[in-house]
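To start, the structure under review is shown below, and the notes come after it.
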Amino acid sequence: MKAAICTAYGGPEVIVIQEVDRPKPKSNELLIQVHASAVHSGNRRLRALDVPALGKLPMRMVMGFKAPRQPILGVVLAGVVVEVGGGVKSFQVGDNVYALTGMRFGGYAEFACVKESKCVVQMPEHASFIEAAALPFGGTTSLHFLRKAHIDRAKNVLIYGGAGAVGSTAVQIAKYFGVHVTAVCHERNVDLVKRLRADVVVDYTKEGYDFELNTYDVVFDASGKIDKRLAKAHVSENGTFSSVAGQGPASERKEDLIFLNELFESGALQPVIDTVYPLDEIVEAHRYVEQGKKFGNVIVTVN
64 MKAAICTAYG
74 GPEVIVIQEV
84 DRPKPKSNEL
94 LIQVHASAVH
104 SGNRRLRALD
114 VPALGKLPMR
124 MVMGFKAPRQ
134 PILGVVLAGV
144 VVEVGGGVKS
154 FQVGDNVYAL
164 TGMRFGGYAE
174 FACVKESKCV
184 VQMPEHASFI
194 EAAALPFGGT
204 TSLHFLRKAH
214 IDRAKNVLIY
224 GGAGAVGSTA
234 VQIAKYFGVH
244 VTAVCHERNV
254 DLVKRLRADV
264 VVDYTKEGYD
274 FELNTYDVVF
284 DASGKIDKRL
294 AKAHVSENGT
304 FSSVAGQGPA
314 SERKEDLIFL
324 NELFESGALQ
334 PVIDTVYPLD
344 EIVEAHRYVE
354 QGKKFGNVIV
364 TVN
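Structure, rendered in structure tokens:
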């Protein structure tokens, strides 16, 4: 099968398209023909080994010294089940599914194996493969950190990075919970974030934009790029600050994907998609994400 292989840590050019053996599902696994995956910040950081200097050696020890031990990146996928192991009970051949593959990666290939017990569920009935591939990363990350911040008890929330894959989803999830949303984003994305139903949208390219912000029950850094000291100044007396940076990985749970399905089918959540690249242009996709100018999700189509 065809797959995008990360041959070393470095720039986008370290990813090359190669022919590799097609995986065989174990008793508890699904073999999925991948139709779409995504390029997001996690893929980029892993490929570039973009971690603080003190974290580079531990990261190499866990992931592989010269290159990722699992060279097929892509932690999200959407596709069709083409084979199931003998012990699989909840899925059958022909099911349209989407998944987070965790540390096994594998989304940048024509086929991937996923354990039935892991974070894999049926796709929303009315979603395309491209839409489904755009749901799990931003969706589960937003749910994880907004829950930690007790979004269900909040009256208002400030979301930094409201146009990104995580932020654009967080805006919509917060609105689902009935929270007043103030979102911060680049000038070019203000209209987009307004369409996501944010109540107030603040352009961070404007001088003195910070003075437009108040204090909030929840302040969520969905980009991982802001000055935390400045952000925490906007947390109300009994409020909570949460960030995608420095607080560990988000949990991956089947029930979260099922909840995202419900939000999608009800119209409460629509994935935001910036650009779609074919697998053969995976280097260009990573290069585009590396520029830091994308909004929403960058999707890679495979089959």
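Letter by letter, the sequence shown follows residues 64 to 366 of our numbering.
Backbone N, C-alpha and C define an ideal beta-carbon position, used for all residues, glycine too.
Next on the checklist: Which of the three DSSP states is assigned to I321 in this structure?
Outcome noted: Three-state DSSP puts I321 in a helix.
Checklist entry - According to DSSP, is Q81 helix, strand or coil? => result Three-state result, Q81: strand.
Item to check | Beta-ladder partner(s) of G65, from DSSP | outcome: Here residue 65 turns out to be Lys, not Gly, going by the sequence shown. Paired residues: E82.
Checklist entry - Using CA coordinates, which residue listed in H297, G287 and A195 is at the minimum distance from P312? => result Selected option, being the one with the closest Cα: G287.
Next on the checklist: Using only the alpha-carbon positions, how far apart do I214 and Q81 sit?
Outcome noted: Straight-line Cα distance between these residues: approximately 44 Å.
Item to check | Boundaries of the alpha helix (DSSP H) in which I345 is found, first to last residue | outcome: Unbroken alpha helix (DSSP H) run through I345: I345 to E353.
Checklist entry - Can you give the Cα-Cα distance for V242 and E328, rounded to whole angstroms? => result Cα to Cα, the separation comes out at about 21 Å.
Item to check | Simplified DSSP state of F192, which is helix, strand or coil | outcome: F192 sits in a helix when the DSSP states are folded into three classes.
Checklist entry - Going by DSSP, what residues sit across from P341 in a beta bridge? => result DSSP lists T364 as partners of P341.
Next on the checklist: With H, G and I counted as helix, E and B as strand and the rest as coil, what does DSSP make of A331?
Outcome noted: Here DSSP, grouped into helix, strand and coil, assigns A331 to coil.
Next on the checklist: Just to confirm, is the Cβ distance from V282 to K269 under 8 Å?
Outcome noted: Taking 8 Å as the Cβ cut-off, V282 and K269 do not qualify as a contacting pair.
Item to check | Between the CA atoms of A130 and A67 - distance to the nearest angstrom | outcome: Their Cα atoms are separated by approximately 13 Å.
Next on the checklist: Can you tell me whether F168 is buried or exposed? The criterion is at least 16 other CB atoms within 10 Å of its CB, across all chains shown.
Outcome noted: F168 is buried by the Cβ-count criterion.
Checklist entry - Using the beta-carbon count (16 or more within 10 Å), is D284 buried or exposed? => result Classification for D284: buried.
Checklist entry - For V156, which residues from the same chain have a beta carbon less than 7 Å from its beta carbon, with the 5 sequence-adjacent residues on both sides left out? => result Excluding residues within five positions, the ones whose Cβ falls inside 7 Å are V144, V145, E146 and V147.
Checklist entry - Is it a yes or a no for the stretch 172-185 touching the stretch 76-95, going by three-plus beta-carbon pairs under 8 Å? => result With a cut-off of 8 Å, the stretch 76-95 and the stretch 172-185 count as touching, because enough Cβ pairs lie within range.
Next on the checklist: Please report the straight-line C-alpha distance between E315 and G105, rounded to a whole angstrom.
Outcome noted: Cα to Cα, the separation comes out at about 14 Å.
Next on the checklist: Taking the straight line between their C-alpha atoms, what separation do you get for I95 and N301?
Outcome noted: I95 and N301: Cα-Cα distance of roughly 46 Å.
Checklist entry - In angstroms, rounded to a whole number, what distance separates the CA positions of I78 and V138? => result In a straight line, the C-alpha of I78 is about 15 Å away from that of V138.
Item to check | Enclosing beta strand (DSSP E) for I95 [first to last residue] | outcome: If you look at I95, you'll find it in the beta strand (DSSP E) that goes E92 to V102.
Item to check | Proximity to V307 [Cα-Cα], best of Y279, L259, S205 and Y239 | outcome: Distances from the alpha-carbon of V307 to those of Y279, L259, S205 and Y239 put S205 closest.
Checklist entry - Identify the residues that DSSP records as bridge partners of V147: which are they? => result For V147, DSSP records a beta bridge to L93.
Checklist entry - Under a three-way DSSP split, which group does E300 fall into? => result Of the three classes helix, strand and coil, the one that applies to E300 here is strand, per DSSP.
Next on the checklist: In the DSSP output, what is F174 paired with across the bridge?
Outcome noted: Q96, per the DSSP bridge assignment.
Next on the checklist: Does the contact criterion of 3 or more C-beta pairs under 8 Å hold for the stretch 235-250 versus the stretch 183-193?
Outcome noted: Touching, no.
Checklist entry - How far does the alpha helix (DSSP H) with I236 in it reach, from first residue to last? => result Counted as a single uninterrupted DSSP element, the alpha helix (DSSP H) harbouring I236 occupies residues A228 to Y239.
Item to check | Beta-carbon contacts of A233 that lie in its chain and below 7 Å, excluding the five residues immediately before and after | outcome: Excluding the 5 residues flanking it on each side, A233 has same chain C-beta neighbours closer than 7 Å at S205, L209, I222, F283 and A285, in chain order.
Checklist entry - Can you give the beta carbon distance from L332 to L342, rounded, assuming they're within the 8 Å contact cut? => result No, L332 and L342 are not in contact; Cβ-Cβ is about 26 Å, not under 8 Å.
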